[in-house]
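Q:
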Amino acid sequence: MLQKGHKNYQSGVFSYGISGLVCLTWILLLCGAPCTESGPSPKEASTLIAALIFATLTALIVWGQATVALILGVHGNAWVCQPLFDHPHYTVLSGLFDQDGLFYKNGVFHKFDQDANESITISNVLKNCQRDQPAYKSFNLHNQINVDKLFNIEEWTALKALLANFTLTKTSLEILGPSLRLNLQSLSTMTTANLTSYRLLASEPITRKDLDAFADQLNTVARQMIDPVSSRKMDNIAHSVRQIINNELHQLKKIKSDVLYKITMLEILLPPLNRQVNQSLRDLQRIQSYLDNEERELEKQNRKRYSDRLQNYLHELHTYVTTKVGKEIGKCRPLWKVYHSARLYVCKFIIDSWNTIALFSYFSILICVVLSPVAIKLLKMYKMGSEYVPGSIRDSQRGLIMDNGLNWATPPVSCTPEDRQSPIIASQHFEHSSPPVWATEPGPSRQFRTSVVPPTPPSPSKFPTISAGILKANLVHVGTVLQECSSPYSGVRLDDLSGHEQHRLRF
């Protein structure tokens, strides 16, 4: 992480440095551009020189960067992008990574090729992954994990031997045990009882005499008795008999009826129950006999049924696993997405960026190349103007008049011989307050009336001796100056001339 951050920091510093250098060059070129038509000033000339130096340095650096970017972009497009996008053959990638390739003798996927007759090519892998085929089929993973061999029960010899030797634990299935047999036999015996005699016995009357008639007889006897005490006792006995009839005898009759009903019901239900018990006993005896005799055959059938069901489950498992692994599970489309994203990133965002950097770098160099001659021309103009300043003193000795050490003026003269012999000085004396003016009479051939003013010489206050000598020389050579009226620059101001004409002009 630290190394990566350091590299990013270095690349950022390099990019910012080049950008700053280009911006500084443009700023210097803009600042060095002259603001007037008279040519660049000394500061502007210095700025132009610095701009040219920085432009040269920037052009060299940017040219190197553009050359490197162009080489990387062009060769990267030819050597990297075209092989990566060579669908569907991928000839270059096959020559690099397949069997007998440049990098791998046995191929990059030789670990998946255990069978010499089968080989995995990178073109087939990429095409299968692009079609979203399973990785099991694309990479021939059956050489590593053979699903058929793992889940095909036809090859499971151990399972076959186990199922062949599969036996059930021998257990005696006792359905009709001794206790159950005894209970059923007892129940069969009890259900054979004859309840008719008991029903007839229960249907007999409870009392042999009629108690109501007996009570009536007691009342009759009581009425016939003379003794009232005895008669009253007989009536009480009759009353007690009637109470017994109404209470105890009536309750006994009800119980008798219930008993008789239940005996009759049992008499009706016992024969069917007896038949059912006997039938159940016979069936259980027959089942127990069948189990005792057919136990081995039942064991064999159950074992076969269990083995068949288990084999069916394993066949379904084999079909399910084969379908899932061969068609649904382990799609290699994500591998194609990674490959496609990688080549897009490398080609579109890196190599194409290098080509763009090279294009704009060469465009920046072209702009610098176009602007450099303009700056050089401005510097030459500045140099010619600076060469004229030292010659101004010599020009003043050839007929120029210095005005108080500040202004130089050429006398406007006539072009006729008469005008040449009659110069008139308008000013009567040379004083600092009144600058000298040359005046001439108007003539037919006069063309200019303005004076030519050269650059300002050194101040007379600093150089009094030089100023006086120059003034004297001007007065002596007035005639010489007047003879030059035929010059094309006579009476023309230096400010109206170009730098080249100022350089050629010598008075």
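With the first letter of the sequence shown counted as 1, position 314 gets the number 314 in the UniProt record's numbering; the numbers rise by one all the way through.
From the three backbone atoms N, C-alpha and C, an ideal C-beta is built for every residue, glycine too.
Just so we're clear, the structure is a prediction, and the values are computed from it rather than from any experiment.
Identify the continuous alpha helix (DSSP H) that holds A202 and give its terminal residues.
A: Residues 196-202.
Q: If you draw a straight line from the alpha carbon of Q82 to that of P88, how long is it in whole angstroms?
A: Each residue's alpha carbon lies about 12 Å from the other.
Q: Looking at the secondary structure, which residues open and close the alpha helix (DSSP H) in which V259 lies?
A: 250-323
Q: With H, G and I counted as helix, E and B as strand and the rest as coil, what does DSSP make of K127?
A: helix
Q: Are there three or more Cβ pairs, one per stretch, closer than 8 Å when the segment 236-255 is compared with the segment 264-276?
A: no
Q: Tell me whether Y313 is buried or exposed, calling it buried when 16 or more other Cβ atoms sit within 10 Å of its Cβ.
A: exposed
Q: With a 10 Å radius around its C-beta and 16 neighbouring C-beta atoms as the bar for buried, classify L126 as buried or exposed.
A: buried
Q: Taking the straight line between their C-alpha atoms, what separation do you get for I357 and G64?
A: Using only the alpha carbons, I get a separation of about 12 Å.
Q: According to the neighbour-count rule (16 or more other Cβ atoms, all chains shown, within 10 Å of its Cβ), is Y261 buried or exposed?
A: exposed
Q: Assuming W354 contacts L84 under a Cβ cut-off of 8 Å, what Cβ separation, rounded to an integer in Å, is found between them?
A: Contact doesn't hold; Cβ gap of about 16 Å is too wide.
Q: Provide the residue(s) that pair with P134 in DSSP beta bridges, ordered along the chain.
A: K331
Q: Do you know how far the Cα of F363 is from the Cα of S459?
A: Residue confidence is low: S459 scores 42 on pLDDT, short of 50, so the model does not pin down where it sits. No coordinate-derived value is stated.
Q: Exposed or buried, what is C129 when buried is set at 16 or more other beta-carbons lying within 10 Å of its beta-carbon?
A: It is buried - the Cβ of C129 has at least 16 other Cβ atoms within 10 Å.
Q: Buried or exposed: which applies to I120, given that a residue is buried once 16 or more other Cβ atoms fall within 10 Å of its Cβ?
A: Here I120 is buried: its Cβ has 16 or more other Cβ atoms, across all protein chains shown, within 10 Å.
Q: Suppose you measure from the CA of P271 to the CA of T264; what does that come to, to the nearest Å?
A: 12 Å
Q: Any idea what DSSP makes of I237, helix, strand or coil?
A: helix
Q: With the cut-off set at 9 Å, would you say E295 and L195 are in Cβ contact?
A: no
Q: Going by other Cβ atoms of all chains shown within 10 Å of its Cβ, with 16 needed for buried, is I351 buried or exposed?
A: buried
Q: Expressed to the nearest angstrom, what Euclidean distance is found between the alpha-carbon atoms of P134 and P334?
A: Looking at the two C-alpha atoms, the distance is approximately 11 Å.
Q: Residues in the same chain with beta-carbon distance under 8 Å from L317, minus the five sequence neighbours each way, listed in chain order, please.
A: F151
Q: Please determine, among K300, S138, Q224, the residue with the shortest C-alpha to C-alpha distance to E328.
A: S138
Q: Hey, would you say S188 sits closer than 9 Å to L281, going by beta carbons?
A: yes
Q: Whole angstroms are fine: how far does the CA of W156 sit from the CA of Q285?
A: A straight-line Cα-Cα distance of about 45 Å links Q285 and W156.
Q: How long is the line joining the alpha carbons of S341 and A78, rounded to whole angstroms?
A: 19 Å
Q: So Q217 is in the alpha helix (DSSP H); what residue range does that whole segment cover?
A: 211-224
Q: Does Q65 come out as helix, strand or coil in the three-state DSSP assignment?
A: In this structure, Q65 counts as helix in the three-state DSSP scheme.
Q: Mapping the DSSP letters down to three states, classify F54 as helix, strand or coil.
A: helix
Q: Sort I206, V259, T220, T322 by Cα distance to L249 and report the nearest one.
A: I206
Q: Can you tell me the Cβ-Cβ gap for L24 and A375, rounded? I've got them flagged as a contact below 8 Å.
A: Between A375 and L24 the Cβ distance is about 15 Å, and since that is not below 8 Å, they are no contact.
Q: Suppose you measure from the CA of D216 to the CA of L200; what does that come to, to the nearest Å?
A: 30 Å
Q: Determine the closest residue to residue 512 out of R131, K149, I122, with distance taken between C-alpha atoms.
A: Nothing about residue 512 can be read from this structure; the chain reaches only from 1 to 507.
Q: Here's the rule I'm using: 16 or more other beta-carbon atoms within 10 Å means buried, otherwise exposed. How should G20 be labelled?
A: exposed
Q: Using CA atoms only, rank isn't needed, just tell me which of Y290, V325, Y90 is closest to Y136.
A: V325
Q: For a quick check, are the C-beta atoms of V346 and A59 less than 9 Å apart?
A: no
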